[in-house]
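Residue numbers (our numbering), protein chains in the order written: chain A, 1 to 350; chain B, 351 to 700; chain C, 701 to 1050; chain D, 1051 to 1400.
Please read the structure below before turning to the comments.
4 protein chains.
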Amino acid sequence: MSTARVRVGIVGASGYSGLELLRILAHHDGVEVTYAAGSQEGTEPLGAASPFLPAAIGSLHIESFHPDRAADLCDVVFVGLPSGTSGAIALDLWKPGKTVIDLSGDLRLPKDAYEVWYKKEAVVQQPQDVGAVYGLTEWNREQIQSARLIANPGCYATAALLALLPVVRSGLARPGMPIVIDAKSGVSGAGRKPAQHAMLGELQENFYAYKVGAHQHTPEIQAQLGLSDPASVLLTTQLLPTVRGIFISAYVPVHTPVSTDDVMVLYQNAYGNEPFVHVHPPGRYPELKHVRGSNLCHIGFHVHAEAGLLQVFSVIDNLQKGAAGQAVQNFNLICGFPETTGLLVSPMYP
Amino acid sequence: MSTARVRVGIVGASGYSGLELLRILAHHDGVEVTYAAGSQEGTEPLGAASPFLPAAIGSLHIESFHPDRAADLCDVVFVGLPSGTSGAIALDLWKPGKTVIDLSGDLRLPKDAYEVWYKKEAVVQQPQDVGAVYGLTEWNREQIQSARLIANPGCYATAALLALLPVVRSGLARPGMPIVIDAKSGVSGAGRKPAQHAMLGELQENFYAYKVGAHQHTPEIQAQLGLSDPASVLLTTQLLPTVRGIFISAYVPVHTPVSTDDVMVLYQNAYGNEPFVHVHPPGRYPELKHVRGSNLCHIGFHVHAEAGLLQVFSVIDNLQKGAAGQAVQNFNLICGFPETTGLLVSPMYP
Amino acid sequence: MSTARVRVGIVGASGYSGLELLRILAHHDGVEVTYAAGSQEGTEPLGAASPFLPAAIGSLHIESFHPDRAADLCDVVFVGLPSGTSGAIALDLWKPGKTVIDLSGDLRLPKDAYEVWYKKEAVVQQPQDVGAVYGLTEWNREQIQSARLIANPGCYATAALLALLPVVRSGLARPGMPIVIDAKSGVSGAGRKPAQHAMLGELQENFYAYKVGAHQHTPEIQAQLGLSDPASVLLTTQLLPTVRGIFISAYVPVHTPVSTDDVMVLYQNAYGNEPFVHVHPPGRYPELKHVRGSNLCHIGFHVHAEAGLLQVFSVIDNLQKGAAGQAVQNFNLICGFPETTGLLVSPMYP
Amino acid sequence: MSTARVRVGIVGASGYSGLELLRILAHHDGVEVTYAAGSQEGTEPLGAASPFLPAAIGSLHIESFHPDRAADLCDVVFVGLPSGTSGAIALDLWKPGKTVIDLSGDLRLPKDAYEVWYKKEAVVQQPQDVGAVYGLTEWNREQIQSARLIANPGCYATAALLALLPVVRSGLARPGMPIVIDAKSGVSGAGRKPAQHAMLGELQENFYAYKVGAHQHTPEIQAQLGLSDPASVLLTTQLLPTVRGIFISAYVPVHTPVSTDDVMVLYQNAYGNEPFVHVHPPGRYPELKHVRGSNLCHIGFHVHAEAGLLQVFSVIDNLQKGAAGQAVQNFNLICGFPETTGLLVSPMYP
């Protein structure tokens, strides 16, 4: 599949995830973006309203979505629309044989959990009914390689799972007590559609929690951690006055005694060979800006021995590893490209 | 003491807390600022380099600190210098009979805890040896009124204690398990002295934890909560890309079952008549910017019943309720002014 | 009029100018806010959705505007709505005898200029037809005192006129050559209604010009400067990634030779006794943040002798001196309160 | 010179320009970074304190500068130190035959102008005495290709010259009247060394002019425009509360009549084939954020026909086209690489 260029379409190209996909794919040697659908369709080419896009992409026109046209023009389609709509379109394209990567939450949860947390009708009974694979690349590589339908993980879920999976899978976490995830996100995670809370006048010099006890990434994290008790994960999502970034502080009750060295070995075993995950040595901690603009996840931790808690920090760029970057990483696996193709951009600092 | 104007001095007038004291006291009817000492002494009046200060204050000259001169010119002195220096100067002024409000950590802890957490030599064996009263106004009013030496609380400690005292004192918190305080602060808390980490180039679009497991406000919170086990409070301090503000998310293990109504009653009993503490009704949560520029503390909470955790949020402006504002509140109590004098400024929004 | 409290209404209370009026008037001893109308009317009191407002104001309910109810409940009404609507409502209240301060552009220009620059139908033929007085307080005090209808100046116009009037009226400016005004504004000037360009994701780390050659404050400045040639003022408006603030750099062609001392004398004569205008000595220049949250205007200048240009800088807080603050200043004049009542708040720094 | 990798050294690697050079060169196929000198030398590799750097670069150690060691290890050296020091080191490396790109102002001006504007002793009598070529790539390509010593242009100068050269060289600008350049910069242009004015607490929500009438890029722009009168260019530099970016609003007196089409043709002739310069069609204007993180310059203009002024806007990323990016562009020319090598990164938006 990798000799000729793969014809790629993006549905939701006017949003932040869509723009980030365009930005990444413009520099991907194995891809030709042949189709862009979104809400801001018009007679102007993309580059006129968005002159920050690379010229190669700027001549595209955004169209209203039509499944037949998408199917005609594309081998692979990324769908990044609001939940409810996104998964339905993904299925419409998957049925006639397209490879689809869905960035919404529609294919990540079983119907019952979906309807409780998303408060709308589910698109599928079970994601596996349609062969949807959860696209947390580092932990699901084999399944992803042979999949044709990817449920790309949520941004909070990606940062939380990369931080917690080594600890939970190893049996280090102490069952029966909740893992507390105090999470912070930049505002681009809320999308590009105008909303009062996302205005600079409201958000500059601000910080607050939202959807307390009710964020829809909670059951996604719980299920992917393999925990059955709904109360085993407590996720608090908070809005940072930044554009990009997810920052996770997770507090994991552990069996005492646990040593710093033990934990370091766990993380090294999990991520020692991963191109996009960097684990800090003890005493150093990740910063949001250290991964900005890149597909990296940086992790750090501290053992609070007396309190019986392991604290884990992780950071990602929500539009990259938390959305478009990980989507391309999965795309690369599926299409047989080296996994890092198009993603070896350094973080922008300062 | 309240007929003639109280002659007030500020030591540390070039720093952010000192500037905020000047800003507040310029509008305080009962005060004449007669003395300002700091590191930026010079031939120019304050208003030349800091034209944002009110004219009444702008004609002051910052001097190098001399205890005799301070004692001559002032009835009451606010001392806001780095730990180690601040408390020593406070004592130098307290000994000859001045009333002193110290904004540093030097008079908040016994010698042993101080030296472990501040990693420098303590100024006193026990704060009570010199009659120092911990100036958390809402909880220590009587003692403050008759004090002549105030240990003004730390910014993180103020936000944490106002959030947690009603819960801990009521016996609602479950002993034997740590209270997790995930705290965030704007950068003005780190002072005005140039430092790379405080530069806009480094901090814009950034967020990270610092002094993990080692922040010196931890034992202050633990002691003031009346908890004896050092591991009973786990404080994580994190830097926000904002100028002002402290935001606390506290996770308190509670005996189940605990109802939302029970908790609301606790907070109403504690703060129903307080002019500077506002408790949100269930389902509403505080925002950092809602208290900016004011002496207010806003509190909100959520009961995670299944997980056996009570989550409490609180916000303050670190330079107001977290430093200069609370210092003036204590000053008012001591001098017999109405407690809110000079402090009835509305938050600045947007 | 000043013994009993003046009953005041605000139409447009949900917007930024309306909120700032509420914030100021809550601390105004001579005022009772009796009426608040706006687009976010609801069953909740103002303080529920906007808990940053002072308690005295927070119990108000926002209503849909009805002229009879406004007339019943108020002696004076501030109207801060979009152009077109605002002036019409102002006239509706003015006709039955109310005193009205209109914050829009509807009563500032004659019909022909209005329709060219605002691209909508004018509300009046000439503002003076309805006795509307242009409310640039420092330059129009006498007329304002006896007025019953105020056209409150635009934010850009206020900063530009305070900077330029002393120079132009003195004859120092060289006729026949354009005065270039390179102006910058924080985003709160664009209002609180959600718009993509005002989102933090778009504006953080951004800066750009808008309405190039077409900003509607251009003819307002030109007319108030007493210049007849439409090309005599060239205004460029640019968006800063800040919440508040207007910053003006004006380049005025002058007859050479002109000395720094001459210019200083002009400004001192104009503003030496003004409570809200501060002129910097030569070599010092104003900063946006030095006036934030206050009704102040700071001015500085530099004579480029060789180039034959006088450069003038001025800064205001667009929501204060550029809108609500100046409106209250005018209100005080009309109602016989000391002009500074409610406005003696120091800028918030940092 | 392009078969084996070019051995490259960076002097000033701890500063923002140095970090940006490292970030760019890490992805340059023809380069091996063999040497990094700076003020933060230490036993730790670069990647420990700066974990945002690509791994390939992170294992370097920053050393104190020694000319012999630099000469041994490098074919080409970038020198980005403060003026005075930088040019002297550049000459020390150039004398023994190295190719040197100096990012400071030391080799851009003749001695007399240098000493007036930089207020320190000049390093050279005339830049051409040592064969230094002014590295404004688009306008000096031929000379750069055969140079061994490059005076890389200043950030303000780059943005101003790319905007103004087509207009001035064509004779469109009207002599005898000053070109006014109202310029704005993000704070990273002031470097990474801690300074109070660069702190987030001071700069957030701020904006102001500095070095009014005295910025050292003024004579650089004037000379490169080929104008002999020192008063022909009036540059005002202003600090934006952003990390990156230069924004220029230039006001050029022109002979009337001049049409929009005429001006468009000038720009198209100048930049139609340039990979890094984009000229907006009439009615569209550049935004600072549209070029962030890239080596691009975006230009837009407006003809104020009545006023006899052509207004030109241009934006660059000060660390890219204004420093490290253009330095690599020049390096590519000298070393025979395609000019865009390592520089085809898209702007980061949002």
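No residue lacks a Cβ here, since even glycine has one placed at the ideal position from N, Cα and C.
Secondary structure at residue i, three-state DSSP: helix, strand or coil?
{"i": "residue 1305(D)", "result": "coil"}
{"i": "residue 964(C)", "result": "helix"}
{"i": "residue 217(A)", "result": "helix"}
{"i": "residue 419(B)", "result": "helix"}
{"i": "residue 1111(D)", "result": "coil"}
{"i": "residue 997(C)", "result": "strand"}
{"i": "residue 661(B)", "result": "strand"}
{"i": "residue 1041(C)", "result": "coil"}
{"i": "residue 912(C)", "result": "coil"}
{"i": "residue 783(C)", "result": "coil"}
{"i": "residue 1187(D)", "result": "helix"}
{"i": "residue 297(B)", "result": "The first residue shown for chain B is 351 and the last is 700, placing residue 297(B) beyond what the model contains."}
{"i": "residue 585(B)", "result": "strand"}
{"i": "residue 681(B)", "result": "helix"}
{"i": "residue 499(B)", "result": "strand"}
Report the option in the options whose CA atom is closest to the CA atom of residue i.
{"i": "residue 1233(D)", "options": "1252(D), 1271(D) and 1222(D)", "result": "1271(D)"}
{"i": "residue 862(C)", "options": "898(C), 899(C) and 999(C)", "result": "999(C)"}
{"i": "residue 421(B)", "options": "408(B), 610(B), 579(B) and 439(B)", "result": "439(B)"}
{"i": "residue 854(C)", "options": "1042(C), 782(C) and 1038(C)", "result": "782(C)"}
{"i": "residue 901(C)", "options": "241(A), 168(A) and 262(A)", "result": "241(A)"}
{"i": "residue 1376(D)", "options": "1343(D), 1107(D) and 1057(D)", "result": "1343(D)"}
{"i": "residue 7(A)", "options": "17(A), 36(A), 20(A) and 16(A)", "result": "36(A)"}
{"i": "residue 1379(D)", "options": "1181(D), 1075(D) and 1157(D)", "result": "1075(D)"}
{"i": "residue 776(C)", "options": "810(C), 764(C), 734(C) and 1046(C)", "result": "734(C)"}
{"i": "residue 625(B)", "options": "755(C), 1042(C), 892(C) and 885(C)", "result": "755(C)"}
Taking Cβ-Cβ distances shorter than 8 Å, what residues in chain B pair up with residue i?
{"i": "residue 650(C)", "result": "Nothing about residue 650(C) can be reported from this structure: the residues present for chain C run from 701 to 1050 only."}
To the nearest angstrom, how far is it from the Cα of residue i to the Cα of residue j?
{"i": "residue 119(A)", "j": "residue 1383(D)", "result": "59 Å"}
{"i": "residue 258(A)", "j": "residue 295(A)", "result": "31 Å"}
{"i": "residue 403(B)", "j": "residue 945(C)", "result": "17 Å"}
{"i": "residue 412(B)", "j": "residue 362(B)", "result": "9 Å"}
{"i": "residue 290(A)", "j": "residue 349(A)", "result": "7 Å"}
{"i": "residue 919(C)", "j": "residue 49(A)", "result": "30 Å"}
{"i": "residue 368(B)", "j": "residue 430(B)", "result": "7 Å"}
{"i": "residue 857(C)", "j": "residue 923(C)", "result": "10 Å"}
{"i": "residue 830(C)", "j": "residue 206(A)", "result": "43 Å"}
{"i": "residue 577(B)", "j": "residue 518(B)", "result": "9 Å"}
{"i": "residue 845(C)", "j": "residue 1040(C)", "result": "14 Å"}
{"i": "residue 694(B)", "j": "residue 827(C)", "result": "39 Å"}
List the residues of chain D whose Cβ lies closer than 9 Å to the Cβ of residue i, in chain order.
{"i": "residue 641(B)", "result": "Near residue 641(B) there are no residues of chain D at all, since even the closest Cβ is about 17 Å away, more than 9 Å."}
{"i": "residue 542(B)", "result": "1246, 1249, 1251 and 1252"}
Is there a Cβ from chain G that is less than 8 Å from the Cβ of residue i?
{"i": "residue 1227(D)", "result": "Chain labels in this structure do not include chain G; the protein chains are A, B, C and D."}
Using a cut-off of 7 Å between C-beta atoms, extract the partners of residue i located in chain A.
{"i": "residue 888(C)", "result": "201"}
Along chain A, in chain order, which residues have C-beta atoms closer than 8 Å to that of residue i?
{"i": "residue 1332(D)", "result": "Going along chain A, no residue has its Cβ under 8 Å from residue 1332(D), so there is no contact; the nearest lies around 13 Å."}
{"i": "residue 912(C)", "result": "Chain A residues near residue 912(C): none, gap ~16 Å exceeds 8 Å."}
Run through chain C and tell me which residues come within less than 7 Å of residue i, C-beta to C-beta.
{"i": "residue 1176(D)", "result": "Within chain C, no residue comes near residue 1176(D); the closest Cβ sits about 24 Å away, beyond 7 Å."}
Could you name the residues of the region 707 to 725 of chain C whose beta carbon sits closer than 8 Å to any beta carbon of chain B, in the order they occur along the chain? Cβ contacts with chain B come from 716, 719 and 723.
Can you give me, in chain order, the residues of the region 605 to 633 of chain B that have a beta carbon less than 8 Å from any beta carbon in chain D? Answer set for the region 605 to 633 of chain B: empty.
If the cut-off is 8 Å on Cβ atoms, which residues from the region 573 to 601 of chain B count as contacting chain C, listed in chain order? Residues passing the 8 Å Cβ filter: 593 and 594.
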